[in-house]
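**Student:**
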Amino acid sequence: MENTEIIKVQHLAKNFGSFQAVKDVSFTVNKGDVFGFLGPNGAGKSTTIRCMLSLIKPDNGQIQLFGKDLKNHRNEILSKVGSIIEKPDFYRYLSAEKNLAIFARISGKDVSKREIAEMLDFVGLNGRNRDKVGGFSHGMKQRLGIAQTLLHQPDLIVLDEPTTGLDPQGIVEIRNLILRLKSEQNKTVILSSHQLSEIELISNRMVIINKGQSIIEGDVKELLNAQEMVVQLEVNDMEKTLNVLNLRFGSASFKQINERIIEVNIEKQLVPSLNQTLVQEGVEVHAMEPKRKLEDFFMKIIQS
Amino acid sequence: MLLKNTYNEFIKILAKPRSYLGIGALTLLVLLILFAMKADGKSFISFVTASFEQTLSFNGNILNGNLIAFIILQMLIVHIPLLVSLVTGDLISGEAAMGTIRMMATKPISRTQIVLSKFIAGAVYTLILTLWLGFLALIVGKWMFGTGDLIVLNSDGLVILKEQDILWRYGLSFGVAYLALLTISTLSICLSAFAENSIGPIVSTMSIIILFTIIGTLDVSVFDSIKPFLFTTHMASWRSFFEDPVPWTTIRNSVSILVIHNIVLVLIAVYKFNKKDITS
Ligand SMILES: Nc1ncnc2c1ncn2[C@@H]1O[C@H](COP(=O)(O)OP(=O)(O)OP(=O)(O)O)[C@@H](O)[C@H]1O
Ligand SMILES: [Mg+2]
């Protein structure tokens, strides 16, 4: 069952008036992936996700879920998907359990009252079943949103920035929940974020999008441990350091930041020997900080 | 799915305070009229009928439940649209404002079914409002004022309807009044599909009613050709059942125009909601 394509988005485009929110986004999510959808604010993540859930109609491109075209198999597909988009919204004047019952009723599966109560327990809202959602904090609504997402036991879970507004403990809980969904139930999860560190912690594959375009897609570990890496060195003697680099590490390129700090672009396996050589030549290395290329790359994207 | 979501819509309407606002306001208004009539109805009536009193013969008292119900319908049919649209104008746009429409639209239920279930729920709410009005006006009215013959002042003179000749007229006229209110409900739900806030459709519905009513009453010949097609012209059709003989062709015409309005408005709403990008 591995490598069954659950999501296949090709050349997606969407305009709002004359503004191109999504220009050309393509990516593929396989069964069992925790797929990171990474991009800075305004990159087009939510717009892409809205297209995938038939909330908005793309101007161009194809969307296939579970191997089927979204346009022609909408209801069949959506019955296998659970989602939160941007923020969970509920009927303020109804209780938590009534809200879940309402959404469960149109989810395409039969969900019992007991399952609703168990789900509220599961997301840590036990005891609040009958309280009106109007009085819930943002974090509580987010938890209820997760409950709503999982209630009908979907195969694919779409989470658009699920951790915004959560406290550190809440963030960790969601992270663990996603990992459990993958490992225990072999669910497929796609989650959007504007933080590489968040994606890095839980995703196995990812795509980076910026200004409405997908830039790079692949295995998270491979992307992060690309052979070339950037090391930032803090040294007491810049002259000697430059000498060492020029004479002994001709393949490395570098950029001097200031009197004491220099950034070196070097193959990963050469890093220990660089360190050793500098020490042998009498250079005091005060700090040696790896700056991975992807993070650098992502920062550049955000800044540009 | 349509049934399941219609059930959901009922739950939502039942839980919203504003749904009770309409029923409450209606109850208050009717009770107000009933007590005013009880206190001072005799002088109100004698003012109208003084000139006829010697020449006509009535069975029982003039100020009876049948007349009271007629007066109440006459007075309130103008105001009930506000109470209806207060709830129905919010059905789609209120969910857009709250963000829940986004949650609904990611479920395996078609947009058409979402809209249709809202129309059904709106129709049932309007029916309950109409039945409640009928109960208060006719049953409570008869209980407070007794029964008797009904005199109605029409444009072509005074009509006296015998006591046993009245109930069926009320039955049918409430039916037509319901159809007129249903048109209001449908109109406001249709407008609701275009809006993202709940106040807009309510205000627009009322503005349209006021505008059409003004066009309908203006005696300007340019409007004469459109007047028969305005739904507001047919809002008072329920009254025709109290003419003698009953003008069946006029009524049939009114009913068809109202039904056509309902169908067209539903189709517009379904089309619009299906095409809409949900960005809330
Ligand atoms: N309804 C809309 N009308 C006009 N422009 C819109 C609309 N929705 C989104 N946009 C624009 O499209 C672009 C992409 O927005 P989108 O919400 O997809 O970004 P995002 O990647 O989810 O960002 P964030 O991390 O802030 O959530 C933004 O520039 C936004 O201003
Ligand atoms: Mg977003």
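Same order as they appear, the protein sequences are chains V and L.
Heads up, the first sequence is in my numbering, so the first residue is 4 and it goes up one at a time.
Heads up, the second sequence is in my numbering, so the first residue is 1023 and it goes up one at a time.
Even for Gly, the Cβ is constructed at its ideal location relative to N, Cα and C.
When you compare the CB positions of P1223 of chain L and S1302 of chain L, do they come within less than 7 Å of one another, or not?
**Tutor:** By 1-based counting over the second sequence, the position of residue 1223 of chain L is 201. By 1-based counting over the second sequence, the position of residue 1302 of chain L is 280. Against a cut-off of 7 Å, the Cβ pair of S1302 of chain L and P1223 of chain L comes out as no contact.
**Student:** In the DSSP assignment, find the unbroken alpha helix (DSSP H) run with D299 of chain V in it and report its ends.
**Tutor:** Numbered from its first residue, the first sequence carries residue 299 of chain V at position 296. Run containing D299 of chain V: 296-306, per the alpha helix (DSSP H) assignment.
**Student:** Just checking, does the stretch 184-191 of chain V make contact with the stretch 253-264 of chain V on the three C-beta pairs under 8 Å criterion?
**Tutor:** No, the stretch 184-191 of chain V is not in contact with the stretch 253-264 of chain V.
**Student:** Quick one: measure Cβ to Cβ for L1098 of chain L and L1051 of chain L, integer angstroms, because I've assumed they're closer than 8 Å.
**Tutor:** Start at 1 with the first residue of the second sequence, and residue 1098 of chain L comes out as number 76. Start at 1 with the first residue of the second sequence, and residue 1051 of chain L comes out as number 29. That belief holds up - the Cβ atoms of L1098 of chain L and L1051 of chain L are roughly 6 Å apart, short of 8 Å.
**Student:** So, with DSSP's three-state summary, where would you put D1062 of chain L?
**Tutor:** Your numbering for residue 1062 of chain L matches position 40 in the second sequence. Helix at D1062 of chain L.
**Student:** As a quick exercise: from L:S1139, L:T1128, L:T1122, L:P1269, pick the residue whose alpha carbon is nearest that of E79 of chain V.
**Tutor:** Here residue 79 of chain V is taken as the residue at index 76 of the first sequence, counted from 1. Of the listed residues, the one whose Cα sits closest to E79 of chain V is L:T1128.
**Student:** Residues of chain L with CB under 7 Å from G111 of chain V, in chain order?
**Tutor:** Within the first sequence, residue 111 of chain V is the residue found at index 108, counting from 1. Correct list: P1130.
**Student:** Would you check whether ligand 2 has a heavy atom nearer than 6 Å to the C-beta of K303 of chain V?
**Tutor:** Counting from one through the first sequence, the residue named residue 303 of chain V turns up at place 300. Incorrect: K303 of chain V has no Cβ contact closer than 6 Å to ligand 2.
**Student:** For the stretch 38-61 of chain V, list every residue whose C-beta sits within 8 Å of some C-beta in chain L, in sequence order.
**Tutor:** Correct list: R53, L56, S57, L58, I59, K60.
**Student:** Per DSSP, which one or two residues make a beta bridge with T31 of chain V?
**Tutor:** Position 28 of the first sequence, counted from the first residue, corresponds to residue 31 of chain V. V:K11, per the DSSP bridge assignment.
**Student:** Taking 8 Å as the limit between beta carbons, can you name the residues of its chain near F301 of chain V, skipping five residues before and five after?
**Tutor:** In the first sequence, residue 301 of chain V corresponds to position 298, counting from 1. Around F301 of chain V: L41, L199, I211.
**Student:** For the beta strand (DSSP E) holding G39 of chain V, just list the boundary residues, first then last.
**Tutor:** Residue numbering aside, residue 39 of chain V sits at position 36 when the first sequence is read from its first letter. Residues 37-41.
**Student:** Determine the direct distance from the alpha carbon of F1295 of chain L to that of N268 of chain V, and round the result to whole angstroms.
**Tutor:** Walking along the first sequence from the start, residue 268 of chain V turns up at place 265. Walking along the second sequence from the start, residue 1295 of chain L turns up at place 273. Going from the Cα of N268 of chain V to the Cα of F1295 of chain L covers about 55 Å.
**Student:** Is the Cβ-Cβ distance between G1163 of chain L and A1091 of chain L less than 7 Å?
**Tutor:** What you label residue 1163 of chain L is simply residue 141 of the second sequence in a count that begins at 1. What you label residue 1091 of chain L is simply residue 69 of the second sequence in a count that begins at 1. Contact flag set, yes.
**Student:** For the stretch 1038-1062 of chain L, enumerate the residues whose C-beta is nearer than 8 Å to any C-beta of chain V, in chain order.
**Tutor:** Correct list: K1038, P1039.
**Student:** Just list the residues that DSSP pairs A16 of chain V with in beta bridges.
**Tutor:** Walking along the first sequence from the start, residue 16 of chain V turns up at place 13. Answer is V:N63, bridged to A16 of chain V.
**Student:** From the beta carbon of K1064 of chain L, is the nearest beta carbon of chain V less than 7 Å away?
**Tutor:** One-based indexing of the second sequence puts residue 1064 of chain L at position 42. It does not: the Cβ of K1064 of chain L has no partner Cβ on chain V nearer than 7 Å.
**Student:** Could you list which residues in chain L have their beta carbon closer than 8 Å to that of S86 of chain V, in chain order?
**Tutor:** If you number the first sequence from 1, residue 86 of chain V lands on position 83. By Cβ distance, chain L contributes T1128.
**Student:** Determine which residues of the stretch 114-141 of chain V have a Cβ less than 8 Å from any Cβ of chain L, and write them out in chain order.
**Tutor:** Listed by position along the chain: nothing, the set is empty.
**Student:** Here's the rule: buried if 16 or more other CB atoms are within 10 angstroms of the residue's CB, otherwise exposed. What is Q151 of chain V?
**Tutor:** Looking up residue 151 of chain V in the first sequence gives position 148. Buried, since its Cβ has 16 or more Cβ neighbours within 10 Å.
**Student:** With DSSP collapsed to three states, give me the class of G1111 of chain L.
**Tutor:** Counted from its first residue, the second sequence places residue 1111 of chain L at position 89. Residue state, collapsed to three classes: coil.
**Student:** Under 8 Å Cβ-Cβ, which residues of chain L neighbour R332 of chain V?
**Tutor:** There is simply no residue 332 of chain V to check, as chain V begins at 4 and stops at 307 in what is shown.
**Student:** Output needed for K243 of chain V: all residues of its chain with C-beta closer than 6 Å, excluding positions within five of it in sequence on either side, in chain order.
**Tutor:** Counted from its first residue, the first sequence places residue 243 of chain V at position 240. Closer than 6 Å at the Cβ level, and outside the excluded window around K243 of chain V, lie E284, V286.
**Student:** Under 8 Å, CB to CB, which of the residues in the stretch 1112-1128 of chain L have a partner in chain V?
**Tutor:** From the stretch 1112-1128 of chain L, only M1120, G1121, T1122, R1124, M1125, M1126, A1127, T1128 have a Cβ closer than 8 Å to chain V.
**Student:** So which of V:Q272, V:L128, V:A16, V:L153 has the shortest CA-CA distance to F106 of chain V?
**Tutor:** Start at 1 with the first residue of the first sequence, and residue 106 of chain V comes out as number 103. Of V:Q272, V:L128, V:A16, V:L153, the residue nearest in Cα terms is V:L153.
**Student:** What's the call for N213 of chain V, buried or exposed, on a 16-neighbour Cβ count within 10 Å?
**Tutor:** The sequence position of residue 213 of chain V within the first sequence is 210, counting from 1. That one is buried.
**Student:** I want to check one thing, is the minimum distance from the CB of K17 of chain V to the heavy atoms of ligand 2 below 6 Å?
**Tutor:** Sequence index remark: in the first sequence, residue 17 of chain V carries index 14 (1-based). No.
**Student:** At a cut of 8 Å, does the stretch 174-189 of chain V reach the stretch 6-20 of chain V through at least three beta carbon pairs?
**Tutor:** Counting Cβ pairs under 8 Å, fewer than three are found: no touch.
**Student:** Which runs of the beta strand (DSSP E) fall wholly inside the stretch 1233-1291 of chain L and span at least 3 residues, in chain order?
**Tutor:** Counting only runs of 3 or more, we get nothing.
**Student:** Which word fits G1156 of chain L, buried or exposed, when buried means at least 16 other C-beta atoms lie within 10 angstroms of its C-beta?
**Tutor:** Position 134 of the second sequence, counting from 1, holds the residue named residue 1156 of chain L. Per the 10 Å Cβ criterion, buried.
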